[in-house]
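Note that the UniProt record's numbering numbers the sequence shown so that position 103 is 103, with each residue one more than the last. We put the CB at the ideal spot given by N, CA and C, even for glycine. As structure tokens, the structure follows; a few thoughts come after it.
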Amino acid sequence: FKPLLKKQIAVVSEDRRVFRNFTANDYEKLWSTLYENWDRRTYETLMSRYNFDLSQKVQEYSIGMKTLFFVILAISSGAQLLILDEPTQHLDPTTRFEIMGLIKSVSNEGRTILISSHEIFELEEYATDFAIIKSGVVIYADSIDEAKEKHRVIGKGENFLSGTAIGIVGDELLVKVSEEAKEIGRYPKFNDIVVGYLNSRT
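What follows is the structure in structure tokens.
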């Protein structure tokens with residue numbers, strides 16, 4: 001990436017690697033230098049809300065606190081593209097919910113957020129578009145709303161005259177239907193679509 005482009009991208013990797021002996025204060029100094037749109041007010045507000053010790057070494061944080069800390073850094077960066085790998089990993093339910101709300105509010109500001117996650121149920125709460133990856137290959141991509149319109153879930157014994165069988169969902173079948181066949185089966189949930197495609201032979 002070009003230097004100017006890098007300033008518009010903030011990444012939270014799954015491994016949560018940290019600089020040895022760096023404290024939260026050290027990270028704040030580093031990120032505020034790297035990102036010209038650094039939002040100190042947002043950073044300080046969130047760090048205070050979750051009772052972070054700014055003088056403590058980040059390597060001493062729990063895995064959940066490291067996750068939360070790096071998500072806060074990314075949100076505060078002011079970058080236009082946030083790439084977040086498992087952003088709610090190892091967080092308690094309450095903090096998960098709050099982080100999902102923060103991510104959604106950042107998205108509503110017009111910033112783009114790319115999330116890699118196994119938490120299917122969470123994604124539906126704040127995602128608009130998605131891609132399903134199987135064995136390193138994107139096998140289906142769409143907006144969540146459009147995907148629901150294009151698919152139906154049918155039970156055992158139900159027939160469909162037109163459409164494409166995708167994959168098994170429990171004891172049912174995910175089907176990609178034509179415009180004329182949308183009356184069959186039931187309207188799918190987002191997780192039905194993900195599971196169906198992951199169980200496909202594609």
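Start and end of the beta strand (DSSP E) containing residue i?
{"i": "R20", "result": "Element bounds for R20: n/a, residue is neither H nor E."}
{"i": "residue 204", "result": "No statement about residue 204 is possible, as the shown extent of the chain runs from 1 to 202 and does not include it."}
{"i": "Y140", "result": "137 to 143"}
{"i": "K134", "result": "129 to 134"}
{"i": "E98", "result": "No beta strand (DSSP E) contains E98, which is instead part of the alpha helix (DSSP H) from 93 to 108."}
{"i": "V175", "result": "172 to 176"}
For residue i and residue j, I'd like the C-alpha separation in whole angstroms.
{"i": "N191", "j": "I120", "result": "6 angstroms"}
{"i": "G170", "j": "I139", "result": "20 angstroms"}
{"i": "Q56", "j": "K104", "result": "29 angstroms"}
{"i": "L102", "j": "I168", "result": "34 angstroms"}
{"i": "S162", "j": "K134", "result": "26 angstroms"}
{"i": "E14", "j": "E158", "result": "42 angstroms"}
{"i": "I99", "j": "R41", "result": "17 angstroms"}
{"i": "residue 239", "j": "F69", "result": "The chain is shown only over 1 to 202; residue 239 falls outside these bounds and no answer can be derived."}
{"i": "S32", "j": "L173", "result": "50 angstroms"}
{"i": "I113", "j": "L81", "result": "6 angstroms"}
{"i": "L123", "j": "P188", "result": "15 angstroms"}
{"i": "Y35", "j": "E125", "result": "29 angstroms"}
Please confirm whether any heavy atom of the ligand ADP lies closer than 7 angstroms to the CB of residue i.
{"i": "D92", "result": "The ligand ADP is not among the ligands present in this structure, which contains no ligands whatsoever."}
Alpha carbons only, please: which of the options is nearest the one belonging to residue i?
{"i": "H151", "options": "A141, V175, A165, H118", "result": "V175"}
{"i": "D129", "options": "H118, S200, A147, S162", "result": "A147"}
{"i": "V195", "options": "H118, E125, D26, V137", "result": "H118"}
{"i": "I83", "options": "I154, G185, K6, E179", "result": "K6"}
{"i": "V137", "options": "N25, Y197, A165", "result": "Y197"}
{"i": "G78", "options": "L46, E179, R111", "result": "R111"}
{"i": "S62", "options": "T45, L34, Q89", "result": "Q89"}
{"i": "E183", "options": "E149, V106, E109", "result": "E149"}
{"i": "K156", "options": "G185, I166, D142", "result": "G185"}
{"i": "I193", "options": "E179, D142, S178", "result": "D142"}
For the putative contact between residue i and residue j, defined by C-beta atoms under 8 angstroms, what is the C-beta separation to the nearest angstrom?
{"i": "L54", "j": "T95", "result": "Contact doesn't hold; Cβ gap of about 18 angstroms is too wide."}
{"i": "I58", "j": "V18", "result": "The question names Ile, but residue 58 in the sequence shown is Val. Contact flag correct, Cβ pair sits at about 5 angstroms."}
{"i": "I132", "j": "P87", "result": "That belief does not hold up - the Cβ atoms of I132 and P87 are roughly 18 angstroms apart, past 8 angstroms."}
{"i": "E28", "j": "Y43", "result": "6 angstroms"}
{"i": "D26", "j": "S76", "result": "Contact flag wrong, Cβ pair sits at about 15 angstroms."}
{"i": "L91", "j": "I72", "result": "Contact flag wrong, Cβ pair sits at about 12 angstroms."}
The alpha helix (DSSP H) spanning residue i covers which residue range?
{"i": "E44", "result": "40 to 49"}
{"i": "G196", "result": "190 to 198"}
{"i": "T88", "result": "Counting along the chain, T88 falls outside any alpha helix (DSSP H), and DSSP gives it neither H nor E."}
{"i": "G64", "result": "63 to 76"}
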